[in-house]
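Asker: Line order of the protein sequences matches chains A and B.
Under the numbering used here, think of the first position of the first sequence as 14, with each following residue one higher.
Under the numbering used here, think of the first position of the second sequence as 48, with each following residue one higher.
Note that CB positions come from ideal geometry on N, CA and C, so glycine has one too.
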Amino acid sequence: MDENKAIIPEQQQVSWLVTVQVSWAGIKRRFFRSLITMSGVVLAIAFLTYMQLQNVIVKGLIKADDQVLNVLLQKAGVDIYSGDSSDRMMLLLIILSLLACLVGIVNSMLMSVTERIKEIGTLKCLGALDGFIIRSYFIESSMQGVAGTALGCVIGLVVALSAALSNYGRYVFPNLAYGGVFLALLLSFLVGTMLSIVAAILPAYMAAKKQPVDAMRVEE
Amino acid sequence: MSEKNTTQKDDIIIRTHNITKVYVLGSVEKVYALRGISVEVRRGEYLSILGPSGSGKSTFFNMVGALDRPTEGHVMVDGYNLQTLNQKQLAWIRCHKMGYIFQQFNLIQTMTALENVALPRIFAGEKPEDAREQAAEILKVVGLGHRMTHLPSQVSGGQQQRIAIARALVNKPSIILADEPTGNLDLKTGEEIIALLGEMKERFGITIITATHDMKMLSASDTVVWIKDGRADRVAHKGEFNVSIGTIDGKTLA
Numbered sequence: 014m015d016e017n018k019a020i021i022p023e024q025q026q027v028s029w030l031v032t033v034q035v036s037w038a039g040i041k042r043r044f045f046r047s048l049i050t051m052s053g054v055v056l057a058i059a060f061l062t063y064m065q066l067q068n069v070i071v072k073g074l075i076k077a078d079d080q081v082l083n084v085l086l087q088k089a090g091v092d093i094y095s096g097d098s099s100d101r102m103m104l105l106l107i108i109l110s111l112l113a114c115l116v117g118i119v120n121s122m123l124m125s126v127t128e129r130i131k132e133i134g135t136l137k138c139l140g141a142l143d144g145f146i147i148r149s150y151f152i153e154s155s156m157q158g159v160a161g162t163a164l165g166c167v168i169g170l171v172v173a174l175s176a177a178l179s180n181y182g183r184y185v186f187p188n189l190a191y192g193g194v195f196l197a198l199l200l201s202f203l204v205g206t207m208l209s210i211v212a213a214i215l216p217a218y219m220a221a222k223k224q225p226v227d228a229m230r231v232e233e
Numbered sequence: 048m049s050e051k052n053t054t055q056k057d058d059i060i061i062r063t064h065n066i067t068k069v070y071v072l073g074s075v076e077k078v079y080a081l082r083g084i085s086v087e088v089r090r091g092e093y094l095s096i097l098g099p100s101g102s103g104k105s106t107f108f109n110m111v112g113a114l115d116r117p118t119e120g121h122v123m124v125d126g127y128n129l130q131t132l133n134q135k136q137l138a139w140i141r142c143h144k145m146g147y148i149f150q151q152f153n154l155i156q157t158m159t160a161l162e163n164v165a166l167p168r169i170f171a172g173e174k175p176e177d178a179r180e181q182a183a184e185i186l187k188v189v190g191l192g193h194r195m196t197h198l199p200s201q202v203s204g205g206q207q208q209r210i211a212i213a214r215a216l217v218n219k220p221s222i223i224l225a226d227e228p229t230g231n232l233d234l235k236t237g238e239e240i241i242a243l244l245g246e247m248k249e250r251f252g253i254t255i256i257t258a259t260h261d262m263k264m265l266s267a268s269d270t271v272v273w274i275k276d277g278r279a280d281r282v283a284h285k286g287e288f289n290v291s292i293g294t295i296d297g298k299t300l301a
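1. With a threshold of 6 Å on Cβ separation, who are the neighbours of Ala57 (chain A) within its own chain once the five nearest residues in sequence on each side are excluded?
2. Using the DSSP secondary-structure output, state which residues sit across from Tyr79 (chain B) in a beta bridge.
3. Is it buried or exposed, Leu30 (chain A), if we count other Cβ atoms within 10 angstroms and call 16 or more buried?
4. Report the rounded CA-to-CA distance for Leu198 (chain A) versus Met102 (chain A), giving the unit in angstroms.
5. Check for me: the alpha helix (DSSP H) holding Val172 (chain A) runs from which residue to which?
6. Skipping 5 residues on each side, what residues in its chain have a beta carbon closer than 6 Å to that of Ala213 (chain B)?
7. Determine the direct distance from the alpha carbon of Glu249 (chain B) to that of His35 (chain B), and round the result to whole angstroms.
8. So who's on the other strand from Thr257 (chain B), going by DSSP bridges?
9. Is Leu86 (chain A) helix, strand or coil by DSSP?
10. For Gly120 (chain B), does the three-state DSSP call read helix, strand or coil?
11. Ordered along the chain, which non-local residues of its own chain (more than five positions away) have a Cβ less than 7 Å from that of Gly193 (chain A)?
12. Residues of chain A with a CB under 7 Å from the CB of Gly172 (chain B): which are they?
13. Tell me whether Arg128 (chain B) sits in a helix, a strand or coil according to DSSP, three-state version.
14. Quick one: is Ala217 (chain A) near chain B, going by C-beta distance under 8 Å?
15. If you measure beta-carbon to beta-carbon, which residues of the stretch 130-149 of chain A are closer than 9 Å to chain C?
16. Does Asp58 (chain B) have its Cβ less than 8 Å from a Cβ in chain A?
17. Compute the Euclidean distance between the alpha carbons of Leu111 (chain A) and Ser47 (chain A), then round it to the nearest angstrom.
18. How long is the line joining the alpha carbons of Pro187 (chain A) and Arg42 (chain A), rounded to whole angstroms?
19. Would you call the CB atoms of Ala211 (chain B) and Phe170 (chain B) closer than 8 Å?
20. Among residues of its own chain, excluding the 5 on either side of Lys222 (chain A), which ones have a beta-carbon nearer than 7 Å to its beta-carbon?
21. Would you call the stretch 172-180 of chain B and the stretch 146-160 of chain B in contact, with 3 or more CB pairs under 8 Å?
22. Could you name the residues of the same chain whose beta carbon sits closer than 7 Å to that of Gln55 (chain B), not counting the 5 residues immediately before and after it, in chain order?
23. Could you give the distance in angstroms between the alpha-carbon of Gln34 (chain A) and the alpha-carbon of Glu180 (chain B)?
24. How should Val226 (chain A) be labelled, buried or exposed, when 16 other C-beta atoms within 10 angstroms of its C-beta is the threshold for buried?
25. Among the residues of its own chain, which have a CB less than 7 Å from the CB of Gly98 (chain B), if the five just before and after it don't count?
26. Which one of A:Lys137, A:Ser125, A:Arg183 has the shortest CA to CA distance from His143 (chain B)?
27. Quick check on Thr157 (chain B) - is its C-beta less than 8 Å from some C-beta in chain A?
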């Protein structure tokens, strides 16, 4: 019973490949639960994308300064003469949609992790390292985040374009700033994937850092 | 246990030295869950920890199982002082030396019986296909060879606990820690689980430590420790405690 009997080895990290293999079984069987989590991301990103694209499209149309088009814009309720103040208004709306998106994504990802904190405690009892737990939640949340964000971007794009086409018809495409569209989609994509991953990993990391018994004590 | 300590030093697998656990509530109020417990457990012994809710029974159990750290004192497991180990070494101990069984079974719901049992092997560094092979063997030992591809929700409570026992055994641990293992099972199934635990103890020479209320488990025990108010109130060995139907006649003990 001497303390210096032998040095205890450190538990070795499970490889990424094996972590993917182990996580995949769970992801597959939690498919419908994942769809619900994903739909939170999809809706949030579709909204953010729509708001941004609407801004890009309308700005392009105002810039064209076509008489017929100006009438159409005013009919749609766009204030084409106020310049800066309407820019600020649009920016405010985009920031608001960004906040709504943030709350939506964090909420759905957080839920999907906190309902499994007890499971994290069990995994630690079986010899899982914190790294394994964080990696497996990274794998799952990045898959949900990327898929949900991509779908959200597509939906936002389709809705924004169809709304614009129904209001302004043939004027839309010639006056579209494709660079602006690309930037808007890029921002949506980054916000969606990053938020999904951070919102899942942070609570998983905090649970993994606990003593196993504290994690297992969490009520489901 | 300490009072019968005529055995060789090497036969002691767990020794707790004066462990205390204090929870600080708010800024001043302190709750003493454990007030200094020193016990020794021999290799291959079947030890039951008994005590009312709030006695510190679970806290003590968690300390011995390397699931929580004591405020003071230390726990020696198989010659290693748990207090001196880092998180990765503790994970190694939990993975290789301990097997855990819980009242709520704590199986991973999205994994099949086979995948659940293979997990500790994978954490120990085994290739997944080899891990599954070894898991299949141990599932046959606990009598679940025909339920390997079932999810926990598709089998009965008793079968879930058998999966949990297989999972606890698969890394060939020295110690099995069972927290109220029969608490969620009916009388007959509980008896079967106790019999299985006893059989595994004989077969693999494992030390079993249970926290329990179940009188059936007491009769299978070599040693019983009663915990009361955070102290080891009484320690009794097989033959020294009387188990009658429904109650324990503790007062007749010296």
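Answerer: From the atom records:
1. Mapped onto the first sequence, residue 57 (chain A) falls at position 44. Closer than 6 Å at Cβ, skipping near neighbours: Cys114, Gly117, Ile118.
2. The residue given as residue 79 (chain B) occupies position 32 in the second sequence. DSSP lists B:Val69 as partners of Tyr79 (chain B).
3. Within the first sequence, residue 30 (chain A) is the residue found at index 17, counting from 1. Exposed, because fewer than 16 other Cβ atoms sit within 10 Å of the Cβ of Leu30 (chain A).
4. Residue mapping note: residue 198 (chain A) aligns to position 185 of the first sequence, counting from 1. Residue mapping note: residue 102 (chain A) aligns to position 89 of the first sequence, counting from 1. Rounded to the nearest angstrom, the gap between the Cα atoms of Leu198 (chain A) and Met102 (chain A) is 20 Å.
5. The residue labelled residue 172 (chain A) in the question sits at position 159 within the first sequence. Residues 143-181.
6. Taking the second sequence and counting its residues from 1, one reaches residue 213 (chain B) at position 166. Correct list, in chain order: Val164, Ile185, Leu186, Val189.
7. Given that chain B is displayed from residue 48 to residue 301, the structure contains no residue 35 (chain B) and the question cannot be resolved.
8. To locate residue 257 (chain B), count along the second sequence from 1; it is residue 210. According to DSSP, Thr257 (chain B) bridges with B:Ser95, B:Ala225.
9. Start at 1 with the first residue of the first sequence, and residue 86 (chain A) comes out as number 73. Here Leu86 (chain A) sits in helix by DSSP.
10. Numbered from 1 along the second sequence, position 73 holds the residue referred to as residue 120 (chain B). Collapsing the DSSP output to three states places Gly120 (chain B) in a strand.
11. Taking the first sequence and counting its residues from 1, the one referred to as residue 193 (chain A) is at position 180. The answer, listed in chain order, is Val69.
12. Counting from 1 along the second sequence, the entry for residue 172 (chain B) is found at position 125. What Gly172 (chain B) touches in chain A: Gln25.
13. Residue 128 (chain B) sits at position 81 when you count from the first residue of the second sequence. According to the sequence as given, residue 128 (chain B) is Asn; it is not Arg. The answer is strand: DSSP assigns Asn128 (chain B) an E or B state.
14. The count along the first sequence starts at 1 and reaches residue 217 (chain A) at position 204. Not an interface residue.
15. Among the protein chains in the structure shown, which are A and B, there is no chain C.
16. One-based indexing of the second sequence puts residue 58 (chain B) at position 11. So no, Asp58 (chain B) is outside the interface.
17. As a position in the first sequence, residue 111 (chain A) is number 98, starting the count at 1. As a position in the first sequence, residue 47 (chain A) is number 34, starting the count at 1. Going by C-alpha positions, Leu111 (chain A) is about 23 Å away from Ser47 (chain A).
18. For the purposes of this step, residue 187 (chain A) is taken as residue 174 along the first sequence, with counting starting at 1. For the purposes of this step, residue 42 (chain A) is taken as residue 29 along the first sequence, with counting starting at 1. Arg42 (chain A) has its alpha-carbon roughly 47 Å from the corresponding atom of Pro187 (chain A).
19. If you number the second sequence from 1, residue 211 (chain B) lands on position 164. If you number the second sequence from 1, residue 170 (chain B) lands on position 123. No, the pair does not count as a contact, with Cβ atoms beyond the cut-off.
20. Residue mapping note: residue 222 (chain A) aligns to position 209 of the first sequence, counting from 1. For Lys222 (chain A), where only same-chain residues beyond five positions count, the Cβ hits under 7 Å are Asp143.
21. no
22. On the second sequence, position 8 is the one that residue 55 (chain B) refers to. Reliability of the predicted coordinates at Gln55 (chain B) is poor, the pLDDT of 46 falling under 50, and the value obtained from them is presented with this limitation in mind. Excluding residues within five positions, none has a Cβ falling inside 7 Å.
23. Your numbering for residue 34 (chain A) matches position 21 in the first sequence. Your numbering for residue 180 (chain B) matches position 133 in the second sequence. The alpha-carbon separation between Gln34 (chain A) and Glu180 (chain B) amounts to approximately 16 Å.
24. Locating residue 226 (chain A) in the first sequence gives position 213, where the first residue counts as 1. Val226 (chain A) should be labelled buried.
25. Locating residue 98 (chain B) in the second sequence gives position 51, where the first residue counts as 1. Excluding residues within five positions, the ones whose Cβ falls inside 7 Å are Lys104, Trp273, Ile274, Lys275.
26. Taking the second sequence and counting its residues from 1, the one referred to as residue 143 (chain B) is at position 96. When each option's Cα is compared against that of His143 (chain B), the closest is A:Lys137.
27. Looking up residue 157 (chain B) in the second sequence gives position 110. With a threshold of 8 Å between beta carbons, Thr157 (chain B) makes contact with chain A.
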